[in-house]
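Protein chains: 2
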Amino acid sequence: MYRTHTCNQLRLADAGKTVTLAGWAATIRDKGGLLWIDLRDRYGITQLVFDENYTAPELFAVARSVGREFVLQASGTVIERAAKTTKIPTGEIEIKVSELKILNKAKTPPFTIQDDTDGGDELRMKYRYLDLRRNAVQQNILFRSKLAIETRKYLSEQGFAEIETPFLIKSTPEGARDFVVPSRMNPGQFYALPQSPQTFKQILMVAGFDRYFQIVKCFRDEDLRADRQPEFTQIDCEMAFVHQEDILNTFEGLTKYLFQSVLGLDLPDFPRMTYDEAMRRFGSDKPDLRFGMEFTDLTAAAQGKGFQVFDSAESVLGICAPGCAEYSRKQIDELTEWVKRPQIGARGLVYVKYDADGSIKSSVDKFYSADDLKTWLDECGAQPGDMLLLLCGETEKTRKQLSELRLEMGARLNLRQPGDFKPLWVLDFPLLEWDEDANRFFAMHHPFTSPKQADIPKMDSDDQATLKSMRADAYDLVLNGVEIGGGSIRIHDRDLQSRNFRLLGFTPEQAEAQFGFLLGAFEYGAPPHGGIAFGFDRLAAVMNGANSIRDFIAFPKNNMGRDMMIDAPSAVDQGQLDELGLKMVE
Amino acid sequence: MYRTHTCNQLRLADAGKTVTLAGWAATIRDKGGLLWIDLRDRYGITQLVFDENYTAPELFAVARSVGREFVLQASGTVIERAAKTTKIPTGEIEIKVSELKILNKAKTPPFTIQDDTDGGDELRMKYRYLDLRRNAVQQNILFRSKLAIETRKYLSEQGFAEIETPFLIKSTPEGARDFVVPSRMNPGQFYALPQSPQTFKQILMVAGFDRYFQIVKCFRDEDLRADRQPEFTQIDCEMAFVHQEDILNTFEGLTKYLFQSVLGLDLPDFPRMTYDEAMRRFGSDKPDLRFGMEFTDLTAAAQGKGFQVFDSAESVLGICAPGCAEYSRKQIDELTEWVKRPQIGARGLVYVKYDADGSIKSSVDKFYSADDLKTWLDECGAQPGDMLLLLCGETEKTRKQLSELRLEMGARLNLRQPGDFKPLWVLDFPLLEWDEDANRFFAMHHPFTSPKQADIPKMDSDDQATLKSMRADAYDLVLNGVEIGGGSIRIHDRDLQSRNFRLLGFTPEQAEAQFGFLLGAFEYGAPPHGGIAFGFDRLAAVMNGANSIRDFIAFPKNNMGRDMMIDAPSAVDQGQLDELGLKMVE
Chain A
53 MYRTHTCNQL
63 RLADAGKTVT
73 LAGWAATIRD
83 KGGLLWIDLR
93 DRYGITQLVF
103 DENYTAPELF
113 AVARSVGREF
123 VLQASGTVIE
133 RAAKTTKIPT
143 GEIEIKVSEL
153 KILNKAKTPP
163 FTIQDDTDGG
173 DELRMKYRYL
183 DLRRNAVQQN
193 ILFRSKLAIE
203 TRKYLSEQGF
213 AEIETPFLIK
223 STPEGARDFV
233 VPSRMNPGQF
243 YALPQSPQTF
253 KQILMVAGFD
263 RYFQIVKCFR
273 DEDLRADRQP
283 EFTQIDCEMA
293 FVHQEDILNT
303 FEGLTKYLFQ
313 SVLGLDLPDF
323 PRMTYDEAMR
333 RFGSDKPDLR
343 FGMEFTDLTA
353 AAQGKGFQVF
363 DSAESVLGIC
373 APGCAEYSRK
383 QIDELTEWVK
393 RPQIGARGLV
403 YVKYDADGSI
413 KSSVDKFYSA
423 DDLKTWLDEC
433 GAQPGDMLLL
443 LCGETEKTRK
453 QLSELRLEMG
463 ARLNLRQPGD
473 FKPLWVLDFP
483 LLEWDEDANR
493 FFAMHHPFTS
503 PKQADIPKMD
513 SDDQATLKSM
523 RADAYDLVLN
533 GVEIGGGSIR
543 IHDRDLQSRN
553 FRLLGFTPEQ
563 AEAQFGFLLG
573 AFEYGAPPHG
583 GIAFGFDRLA
593 AVMNGANSIR
603 DFIAFPKNNM
613 GRDMMIDAPS
623 AVDQGQLDEL
633 GLKMVE
Chain B
53 MYRTHTCNQL
63 RLADAGKTVT
73 LAGWAATIRD
83 KGGLLWIDLR
93 DRYGITQLVF
103 DENYTAPELF
113 AVARSVGREF
123 VLQASGTVIE
133 RAAKTTKIPT
143 GEIEIKVSEL
153 KILNKAKTPP
163 FTIQDDTDGG
173 DELRMKYRYL
183 DLRRNAVQQN
193 ILFRSKLAIE
203 TRKYLSEQGF
213 AEIETPFLIK
223 STPEGARDFV
233 VPSRMNPGQF
243 YALPQSPQTF
253 KQILMVAGFD
263 RYFQIVKCFR
273 DEDLRADRQP
283 EFTQIDCEMA
293 FVHQEDILNT
303 FEGLTKYLFQ
313 SVLGLDLPDF
323 PRMTYDEAMR
333 RFGSDKPDLR
343 FGMEFTDLTA
353 AAQGKGFQVF
363 DSAESVLGIC
373 APGCAEYSRK
383 QIDELTEWVK
393 RPQIGARGLV
403 YVKYDADGSI
413 KSSVDKFYSA
423 DDLKTWLDEC
433 GAQPGDMLLL
443 LCGETEKTRK
453 QLSELRLEMG
463 ARLNLRQPGD
473 FKPLWVLDFP
483 LLEWDEDANR
493 FFAMHHPFTS
503 PKQADIPKMD
513 SDDQATLKSM
523 RADAYDLVLN
533 GVEIGGGSIR
543 IHDRDLQSRN
553 FRLLGFTPEQ
563 AEAQFGFLLG
573 AFEYGAPPHG
583 GIAFGFDRLA
593 AVMNGANSIR
603 DFIAFPKNNM
613 GRDMMIDAPS
623 AVDQGQLDEL
633 GLKMVE
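Below is the structure:
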C-alpha cells in the first residue's frame, strides 16, 4: 500500500505516530517560510505542513513545486495543530512531513474541484473524472452505492433472490422504442436491449423462484426529455402467490427501511388514493402531497351567470393560493402568461382575491356579485388574505393545467421543501388508455397487467367508454410528486392474456410471435403473481431533494444521448458493418 | 397472501394447526380411497392427504382431477404422518386437506420435473421455465444469488463502493469483437456494448473513488466455443494507491471468504507461481494443481542416441502417469490416437512402462538401453508400476500438447475431484504477445497493463525477442485448472501509456481518437492503481465442480447465440431499420 492511513483517519490521539498518506493536493497555502497542503482522498482531508525551521531545503523545494490536484505520497509525524478547526474531523492535527513523493503531476484543472464551481454542464461532462472529484458529486454517487446495498439487504432478508436476466433479448413493437443490436451470427436478425426484464421476471415466477429482484439497467430509445436517460436503473421485483395488498406492504416496507437506514428518517404509514381521486383532487396521478391547494370543482357555482367562457366549459376548477391576495397586477399578469405558455396551454386565468379586510376583487367582477364570489371562496375554504386561481375547459385538460399551476404556486410559496417527504400509493389505475393518433387502446401500465376481477366481463364490450372504465390491479408509489415506483398484479391465465392482447390490437399470430413463450409458460402451471419496479436513479435523486437524476449517475449521457467524456456514439469501421451485413442509407 | 406457510416450514410441533399452502403438484399417488399430493415450492415439499373416510366426495373429486404441475392452494390441518420419512424436513407431517383450490392447470410437461430427467438440451432451453423448476438447476441459480450477496458483503466491508458504469459506450478495435448498437439520434453512429468496464473503472480511480467494484454484465461478439456466452458476468474491481501485493491479498481474501461463507470450506493460503514456471512445470498458464504429473524436461537425456525424432526436437518432455504400467497395447494405441487428433496435434506418443517387477518396456526400446530408460524414469521420479508418456517437438507446442495429455490422464485416473479445490496465483505474465497473422504485438492482458518497472527501458527496443521478454504486473487467479480471475497494475502515466500504445501499433492519432479521454485523465492527477476481474459465471460453476457455466445462468444462449425460449435474435420491422438509417446487404 502507498499509505498507512486514509486522509480521514488521524486524530489527536495519534499524535507522535509516523504515518504515510496518499492523495490529491486539494489546496496549497504558501506563506513564505510556511507551506500547507490539504491532502484529499475519498475519505477526507488531512493537512500537511512544511516549515523552513525544520523542513530540509530539498524537501521544501519539492513541496513548493506541488500544484493543485498533484497526486502525492507523504510520510511524517502526526502533530497537534496550532490553529485547530472543527470543520473537518482531522482538524486537530497535521502531518509534519519528512518525505514527499510526487506520484503524478496534474495540469491545472479547467474548473476548481469545489462544491460550488462546476464550470458548466459541458465542461463537467467532458471532464467527468474531475467533476466526480467534487465532494458534492462524489457523495451522490456514494449515496447511490449505499442505497443499493441497503436495498439488497432488505430484499434478501425478505427472501428475494437476485437473479440476472439477459440483456440481449427480443424486440417488441409494444411500448417505447427499443435499442437494437445486430447479430453477426444470425444475419438479418437483431437482439433488443431490454426496456425492463418484465417477461423474464414473470417467467421466473412460473419457474417457481417465488420472490425475485434485480437492480438492473434498462434501455429506452426515446427522444430525451429533460431528466431522461437512454439507460437507467431499476429495482425490479416480482412475487408469486400474492395479492396487491402483499406487494404494497412489502414495498412500503422497503421504502421505509431505505429512509431509515440511509437517511435516518422514520416515515409514517403511506396514505393511499385511487387514480380517480388523485385526478379529481390534484389533477395528477402523482400528486405532490407536501402541500394542500387541492382542487375545488366550481363548475356548478360558476355557470349560469352569463360568463360565456365558464358557461361553455366542461369544468371550472379552482385552487386557493394561501396568502396571495396581495399579488400585484404585474404578478397576476405574469402568472396569466405562465399558464398561457404552450407547455401549459390554458386560454386564460381567472383570479379572486380575498383581501385581508374581507373585500373581494376578481377579474370577473362584471359577471359575478360579491356573494357569488364569496360562495366560491367558501367552497375553496379560502381565508382572508388568500387568492383563488381558476382555470376552465375540457375536464382532463383543465386538470392537467391546474395541476401544473398548483405545483408552480407550491414552488413559489416554498411549500415544496426538499427535506419533507410525502409518499403516496396511487391505486386502481385504468387498464387501458385510448390513443387518438393510433386510433386504438394501449395498456396504461403494460400488456401483462391484470384487470380488476370485477371488470373482466367488460373486456368483451365493444363500447369504448365501457372499456375505458375498466380498472386494473395497478399501482404507483409517488414521492413528493415524483413516480418512484409502479407495478401491477399480472395476468397468469393464458385465455385472459390472449383476450387482453386482442383488446390491444394484436392478432393471435402477432401475440404468438412476440409473446408465445409467455403464453406457453402460462399453460404449464403459472402461479398468481405480481410485482413492482422502482426507478433507482430517480429514487436516489428524490431522497436527496434533487431534481436531476444526472448527478446520481457516474457517467450520464446528455440529451442527445451522447457520452461527452468518451465521445460516444461514434462511427465504426466499414469492416464491422460488413460483418453485420449492414449498410448506412444516405 | 395465498398461504400461511411455505412448503418447507411445518414440523411435528405444528400438528393441529390450520394452515394454507400454495405450490405445484410435484407427484400424485392415487391408491383408490387414499390420495397423496406432494406440494412443491422453492423452499421444499409438503405432503397433502385426502382420505375417502373423511374427505368430502366433492373435495376428493377435485383432488383426483389434479395433474402434475397444477398450481394449488390447499387449506387443512397439520397431522402426524403414519409413514414418516427423513428424506425431507417436513417428513413427519402431512396436511389433512379441507379445502383445495386449483389456481391454474398445467399441460403435461414435455419432461418430468426431476433432477435426472431433463429432456435434452433443446427441450430444456425452449421450456427453460420448466427446466428451472428442477431442483438441481434451481439450486444452481440460488447458489449464484448467494454468491453475489457474499461478494458484495465482503467487498463493501473492505470499503469498495459499487458504482454502475454505462452499457452504451464506444467501440474500440482492440480486443474481441464488439456488439454495436446503432444510434437513432446520431445517424451513422454506433454505441458498443462493453467487453468490460476497464477504462471506466480506471477513470473512477482518477476521480478518487479509491475502491470500486461492480457485478456487471459484459459482452463479446465471438464465435462461441463450448462454454462461452455472448453476455457474461464479471466481478469487476479496481483499487487506487496499491501495489500488486495489495491486490493479491485483497482478492485472495475475497476468494477464501466466498468458500467459507458459501461452501463452508477453509482454503489455505494460495500458492504462487510465475508464468514461466507454470509453463515449464505444467505447460499451461492455468495449471490444475489437484494432481501432480509435472513435466520433466528429458531433452538432454533423450538426445544423441540416434533416435532422429527426439534428436531433431527442440524439446522432449515427459510426464509420469502413476500406476499405468499395466496399460494394454490397445489403451496405449487409443491414447496415441488421442494426442494425434487435430485438437491436440502431436505427431506421436512415446511411452516407457516401469513394470511392478522392475522391468522396463518402451516404444523406443531399439534406440535406448534399459539404463538410458532408467535414467528417464528416475528423472521423472517414476515408481515401479508407473508409466512415462513423452511428447517432443517445438517447445511451446509440445508444452501445450503435453498439458492436454496431462489433464486427460488426470481425468482418467480420477485425480481431478470436484470437491477438491486448489487455487493458484500465476504472476509475471508477458506484457506482449506476438500475433503471426497480424504481424504485430498484442497486449497479453490489455493495453492498460503496466510493464514491470525493471522492463520499462526495453520498451524502446526494436528487437522482437527483447520486447517478448518484457514482463507485466499482471496476474491470474487459477482454480482447478480454470482461470477464474485476472488483472494487473495499470499504467497511470500518460507518456508510458502512449509508448505502450505505440508498441501495439497505434498511431498517436488512433490512440487519441479511441482513448483520448483516458490519456487526458492521466494528465490531471491519476493515482497509481490496479485491479482484477472475476468471471462470475465460471466461479459459480467451478465452486460447484461443474464444467458448464450454462447451468448457472438463468437464461443462457446456445452456441449460435440464440435464446431458444424467447426465440431471439429475430427480424425487426423495416420501419425500425429506416429510423436507424440502416439497410441489410444481400
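Chain order of the listed sequences is A and B. Residues 53 to 638, numbered by the working numbering, are exactly what the first sequence covers, in order. Residues 53 to 638, numbered by the working numbering, are exactly what the second sequence covers, in order. Just so you know, even glycine gets a beta-carbon here, dropped at the ideal spot from N, CA and C.
DSSP beta-bridge partners of residue i
i, result
"residue 318 (chain A)", "Paired residues: none, contrary to the question."
"residue 215 (chain B)", "Residue 215 (chain B) pairs with nothing; no bridge assigned."
"residue 97 (chain B)", "B:92"
"residue 142 (chain A)", "Answer is none; residue 142 (chain A) lacks a bridge partner."
"residue 124 (chain A)", "A:75, A:154"
"residue 685 (chain B)", "The requested residue 685 (chain B) is not part of the displayed model; chain B covers only 53 to 638."
"residue 270 (chain B)", "B:284"
"residue 131 (chain B)", "B:146"
Check whether residue i and residue j have beta carbons under 9 Å apart
i, j, result
"residue 244 (chain B)", "residue 232 (chain A)", "no"
"residue 613 (chain A)", "residue 117 (chain B)", "no"
"residue 335 (chain B)", "residue 347 (chain B)", "yes"
"residue 219 (chain A)", "residue 242 (chain B)", "no"
"residue 401 (chain B)", "residue 384 (chain B)", "yes"
"residue 373 (chain A)", "residue 440 (chain A)", "yes"
"residue 206 (chain A)", "residue 182 (chain B)", "no"
"residue 457 (chain B)", "residue 371 (chain B)", "yes"
"residue 478 (chain A)", "residue 534 (chain A)", "no"
"residue 330 (chain A)", "residue 476 (chain A)", "yes"
"residue 511 (chain B)", "residue 555 (chain B)", "yes"
Where residue i meets chain A, residues with beta-carbon distance less than 7 Å
i, result
"residue 646 (chain B)", "Outside the modelled stretch of chain B, which goes from 53 to 638, sits residue 646 (chain B), for which no answer is possible."
"residue 159 (chain B)", "575, 576"
"residue 282 (chain B)", "220"
"residue 285 (chain B)", "216"
"residue 235 (chain B)", "613, 621"
Interface residues of chain B facing residue i [CB-CB closer than 8 Å]
i, result
"residue 225 (chain A)", "625"
"residue 204 (chain A)", "201, 204"
"residue 498 (chain A)", "None at all; the shortest Cβ gap to chain B is about 16 Å."
Neighbour list for residue i in chain B, Cβ cutoff strictly below 7 Å
i, result
"residue 215 (chain A)", "193, 197, 606"
"residue 76 (chain A)", "260, 577"
"residue 293 (chain A)", "53, 54, 55, 74"
"residue 580 (chain A)", "54, 155"
Neighbour list for residue i in chain A, Cβ cutoff strictly below 9 Å
i, result
"residue 506 (chain B)", "Those do not exist, as residue 506 (chain B) stays about 19 Å from chain A at its closest Cβ, beyond 9 Å."
"residue 628 (chain B)", "223, 225, 229, 230, 232, 242"
"residue 177 (chain B)", "None at all; the shortest Cβ gap to chain A is about 11 Å."
"residue 209 (chain B)", "Simply none; closest approach about 10 Å."
Distance cut-off 8 Å: residue i Cβ against heavy atoms of the ligand PLP
i, result
"residue 363 (chain A)", "Of the ligands one can find in the structure shown there are none, so the ligand PLP has no counterpart to examine."
Proximal residues of chain A, C-beta to C-beta of residue i below 8 Å
i, result
"residue 101 (chain B)", "Simply none; closest approach about 21 Å."
Partner residues on chain B for residue i, Cβ-Cβ distance less than 9 Å
i, result
"residue 540 (chain A)", "Neighbours of residue 540 (chain A) on chain B: none; closest Cβ ~17 Å, over 9 Å."
With a cut-off of 8 Å, do at least 3 Cβ pairs link the stretch 248-262 of chain A to the stretch 287-299 of chain A? Touching, yes.
Give, in chain order, every unbroken run of the beta strand (DSSP E) that is at least 3 residues long and sits entirely within the stretch 347-430 of chain A. The stretch 347-430 of chain A contains, as complete beta strand (DSSP E) runs of 3+ residues, the segments 367-373, 402-406, 412-414 (chain order).
Could you check whether the stretch 198-213 of chain B touches the stretch 299-315 of chain B, counting it as contact only if at least three pairs of C-beta atoms, one from each stretch, sit closer than 8 Å? The stretch 198-213 of chain B, when compared against the stretch 299-315 of chain B, does touch it at the 8 Å Cβ threshold.
Could you say if the stretch 479-492 of chain B and the stretch 517-527 of chain B meet the contact criterion of at least three C-beta pairs nearer than 8 Å? Judged by pairs of C-beta atoms under 8 Å, the stretch 479-492 of chain B touches the stretch 517-527 of chain B, as three or more such pairs exist.
Taking 8 Å as the threshold, find out whether the stretch 129-146 of chain A comes into contact with the stretch 166-177 of chain A through three or more Cβ pairs. no
At 4 residues or longer, and completely inside the stretch 581-626 of chain A: list those alpha helix (DSSP H) runs for me, N to C. Runs found: 588-595.
Give a yes or no on contact between the stretch 596-611 of chain A and the stretch 600-615 of chain B, applying the rule of three or more CB pairs nearer than 8 Å. For the pair of segments examined, the stretch 596-611 of chain A was found not to touch the stretch 600-615 of chain B: the number of CB pairs separated by less than 8 Å stays below three.
Three or more beta-carbon pairs under 8 Å between the stretch 280-289 of chain B and the stretch 573-588 of chain B, yes or no? Counting Cβ pairs under 8 Å, three or more are found: they touch.
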